[in-house]
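For any residue, its number in the numbering used here is found by taking its place in the sequence shown, counting from 1, and adding 140.
A virtual CB, placed ideally from N, CA and C, is assigned to each residue, including glycine.
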Amino acid sequence: MNFNVSFLEKLRWKIKCVENKILNYRLITNETHIVDTEYGKIKGVKRLTVYDDSFYSFEGIPYAKPPVGELRFKAPQRPVPWDGVKDCCHAASRSVQTDFISGNSSGSEDCLYLNVYTNNLNTDTKRPVLVFFHGGGFICGEANRNYYGADYFIKKDVVFITVQYRLGVLGFLSLNSENLNVPGNAGLKDQVMALRWIKNNCASFGGDPDCITLFGESAGAASTHYMMITEQARGLFHRAVLMSGTAMCIWAHTQCQHRGYTIAKRIGYKGENNDKDVYDFLMKANPYDLAREEHKVLTNEELRDKVMFAFGPTTEPYETPDCVLPKPNREMLKTAWGNSIPTLIGNTSYEGLLFISVGKQNPHLIKELETFECYVPGELVVEDRSSPESLEIASILKKLYVRGETPTLESFTELCSDFYFWYPMHRFLQLRFNHTVGSPIYLYRFDFDSEEIINPYRIMRYGRGVKGASHTDELTYLFWTMLSKRMPKDSREYKTIERMIGIWTQFATTGNPYSPEINGMENTTWDSLKKSDEVYKCMNIGDELKFIDLPEMEKLKVWQSVFNKKRELF
Numbered sequence: 141m142n143f144n145v146s147f148l149e150k151l152r153w154k155i156k157c158v159e160n161k162i163l164n165y166r167l168i169t170n171e172t173h174i175v176d177t178e179y180g181k182i183k184g185v186k187r188l189t190v191y192d193d194s195f196y197s198f199e200g201i202p203y204a205k206p207p208v209g210e211l212r213f214k215a216p217q218r219p220v221p222w223d224g225v226k227d228c229c230h231a232a233s234r235s236v237q238t239d240f241i242s243g244n245s246s247g248s249e250d251c252l253y254l255n256v257y258t259n260n261l262n263t264d265t266k267r268p269v270l271v272f273f274h275g276g277g278f279i280c281g282e283a284n285r286n287y288y289g290a291d292y293f294i295k296k297d298v299v300f301i302t303v304q305y306r307l308g309v310l311g312f313l314s315l316n317s318e319n320l321n322v323p324g325n326a327g328l329k330d331q332v333m334a335l336r337w338i339k340n341n342c343a344s345f346g347g348d349p350d351c352i353t354l355f356g357e358s359a360g361a362a363s364t365h366y367m368m369i370t371e372q373a374r375g376l377f378h379r380a381v382l383m384s385g386t387a388m389c390i391w392a393h394t395q396c397q398h399r400g401y402t403i404a405k406r407i408g409y410k411g412e413n414n415d416k417d418v419y420d421f422l423m424k425a426n427p428y429d430l431a432r433e434e435h436k437v438l439t440n441e442e443l444r445d446k447v448m449f450a451f452g453p454t455t456e457p458y459e460t461p462d463c464v465l466p467k468p469n470r471e472m473l474k475t476a477w478g479n480s481i482p483t484l485i486g487n488t489s490y491e492g493l494l495f496i497s498v499g500k501q502n503p504h505l506i507k508e509l510e511t512f513e514c515y516v517p518g519e520l521v522v523e524d525r526s527s528p529e530s531l532e533i534a535s536i537l538k539k540l541y542v543r544g545e546t547p548t549l550e551s552f553t554e555l556c557s558d559f560y561f562w563y564p565m566h567r568f569l570q571l572r573f574n575h576t577v578g579s580p581i582y583l584y585r586f587d588f589d590s591e592e593i594i595n596p597y598r599i600m601r602y603g604r605g606v607k608g609a610s611h612t613d614e615l616t617y618l619f620w621t622m623l624s625k626r627m628p629k630d631s632r633e634y635k636t637i638e639r640m641i642g643i644w645t646q647f648a649t650t651g652n653p654y655s656p657e658i659n660g661m662e663n664t665t666w667d668s669l670k671k672s673d674e675v676y677k678c679m680n681i682g683d684e685l686k687f688i689d690l691p692e693m694e695k696l697k698v699w700q701s702v703f704n705k706k707r708e709l710f
């Protein structure tokens, strides 16, 4: 996904990055603290938030061996214990990736680190632990303060942790040959390893190992869902928050076993399509070359079928001791251990704004809505997309979005909201209802819009002046970012920050997001969803908190009607 960012916006971005570095320097103190972990002692530092609250910061903590050399593409291994005290006062490098602003590749293969933040190191009283997986389509993103500052969370009595994991081909190369031991999903296996480290070590930071909430946004939400599915993560956390993503999303799963050969050819491989030869070549490849080329390997047919990312979570072709996805998602979901834990799930009210620049730059994508054939889910295609049954489904779905003679950019973005986010969420809920009893699920809808606090990802995609609560916008009210600014405590933005942090930490503490002590929630209620609900009820998070019927429900019912032809999908 390419973003055309103006020169002025790039300049603003660079200035803000410099300002953020200066701010971070000003907010660090000379006070350090040492904590024991199972692998050795680490030194952290006391910092101040932008509101001058103090907290303890431990960054760049290794939870696995560096996945370099012979460990490239392989499942992570436990870190080697160290003597002395490891300096964890500063963030580690992010995973290798291509920057969508500059187009340059950066980061390090030595990237398996996590960050721990807390306002209290007293270990006598155990506090809830919140663990965050970043998004980025499994090809980009980082866990550091530039995007996920702890300034808001540490106002509460919790331990907050962010995790880095391998991305792109380095994190998700999958080869069929068992002898090579590269079945895929190394990035997900990194996450499992991190959760094990957290379970075993969070008490050293005052965290409760029996009260861990895992949450993530977009690809991080899909990752969280995968952790709820895989037996490897059973019991490593106790609650989950899925923000704008599940494993049911079309972009969250791909069969990529053939793409190792494709990317190898793009960077100079001349041999045959032989896994061993391809593997040997890729083991010697420059990691930045791999990052630059990985988004170019999809075929036109794959792009037409709405495959978004060449490398990502996949059904592993053979089982190993570290295997996380031995079967297709749908099979594993029915018996997933995570079906039994309390879950908070939701989207933003206009997720599809994510695709506004894509639609403008690629008018053929809007033209596809004239027939709608490309948007018939692959699972429902009986023969091909031009079969009578597929065309009938296309006609039904088209009526939801194309209201005149010609599809518009608005038609396209509205469809993207449902196709990529809202309907996959509905499928998650239906599968959960059909295969679990008694585990509460709470639904939210983030509907707050403001340009006072700018979301970095929003600037990348379409600049300023576009209205609506878009994909990633809620992150601005959970985390301090390089583009954030200190808001007055009487502002609507600060009130939203307080509400979001209140909801997330209340859920982490009790398994229920409702509390009359949260500003604006004292005069409402928030019930969990039930299988018998004809219409989902959600907490709409706007200028006010309102428990309402989900506005997207009628469209979800139409999508459901076409899936009803194949009940086995639920």
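Rounded straight-line distance, which links the Cα of residue j to that of residue i
i	j	result
MET141	LEU505	Confidence is the limiting factor: at MET141 the pLDDT is only 49, short of 50, which leaves the residue's position unreliable, though a coordinate-based value still follows. C-alpha separation (whole angstroms): 13 Å.
ALA326	SER631	43 Å
ASN319	ASN574	39 Å
GLY308	PRO656	43 Å
VAL271	CYS514	37 Å
ALA343	ILE481	22 Å
ARG444	GLY243	24 Å
THR386	GLN395	17 Å
LYS154	PHE240	14 Å
ARG374	ILE294	27 Å
ASP429	GLU532	44 Å
GLY180	LYS416	38 Å
GLN397	SER314	5 Å
LYS183	CYS556	46 Å
LEU261	TYR196	8 Å
GLY346	MET388	35 Å
Residue span of the beta strand (DSSP E) that contains residue i, given as start and end
i	result
PRO556	As written in the sequence, residue 556 is Cys, which differs from the Pro given in the question. It is not in any beta strand (DSSP E) - CYS556 instead sits in the alpha helix (DSSP H) that spans 549–557.
THR616	Where THR616 is concerned, there is no enclosing beta strand (DSSP E), given that its DSSP letter is neither H nor E.
PHE195	194–202
HIS173	168–177
ASP227	225–227
LEU685	685–689
PRO268	267–273
GLY486	483–488
Inter-residue CB distance, residue i and residue j (contact presumed, cutoff 8 Å)
i	j	result
TRP562	LEU696	6 Å
VAL381	TYR401	At roughly 38 Å, the Cβ-Cβ gap does not stay under 8 Å, so VAL381 and TYR401 are not in contact.
ILE201	TYR253	6 Å
VAL269	ASP348	6 Å
ALA431	THR664	Not a contact, Cβ separation roughly 46 Å.
Cβ-based neighbour list, residue i, same chain, cut-off 6 Å, excluding 5 preceding and 5 following
i	result
SER590	GLU633
ASN286	MET622
HIS274	GLY281, ALA283, GLY360
TRP699	TYR563
ALA232	GLY200, TYR253
Cβ neighbour criterion (16 or more within 10 Å) applied to residue i
i	result
GLY408	exposed
THR439	exposed
SER235	buried
LYS629	exposed
GLU357	buried
MET423	exposed
TYR165	exposed
ASP291	buried
TRP222	exposed
GLY289	buried
HIS566	buried
THR263	exposed
ARG187	buried
CYS157	exposed
GLY224	exposed
Nonlocal neighbours in the same chain, by C-beta distance under 8 Å from residue i, ignoring five residues either side
i	result
ARG626	VAL190, TYR191
LYS671	PHE573, ASN574
GLU371	TRP477
Residues near residue i by beta carbon distance below 7 Å, same chain, minus five either side
i	result
THR546	none
LYS607	ASP589
ALA609	THR488, SER489, TYR490, PHE586, ASP587, PHE588, ASP589
ALA204	PRO216, GLN217, ARG218, PRO219, LEU252, ASP330, MET333
Opening and closing residue of the alpha helix (DSSP H) in which residue i lies
i	result
GLY308	308–312
TYR257	It is not in any alpha helix (DSSP H) - TYR257 instead sits in the beta strand (DSSP E) that spans 253–258.
PHE703	693–703
THR116	Residue coverage of the chain in this structure runs from 141 to 710, which leaves residue 116 outside it and unanswerable.
GLU357	Per DSSP, GLU357 belongs to no alpha helix (DSSP H); it is in the beta strand (DSSP E), 347–357.
THR263	Neither: THR263 is in no alpha helix (DSSP H) and is coded neither H nor E.
THR636	632–650
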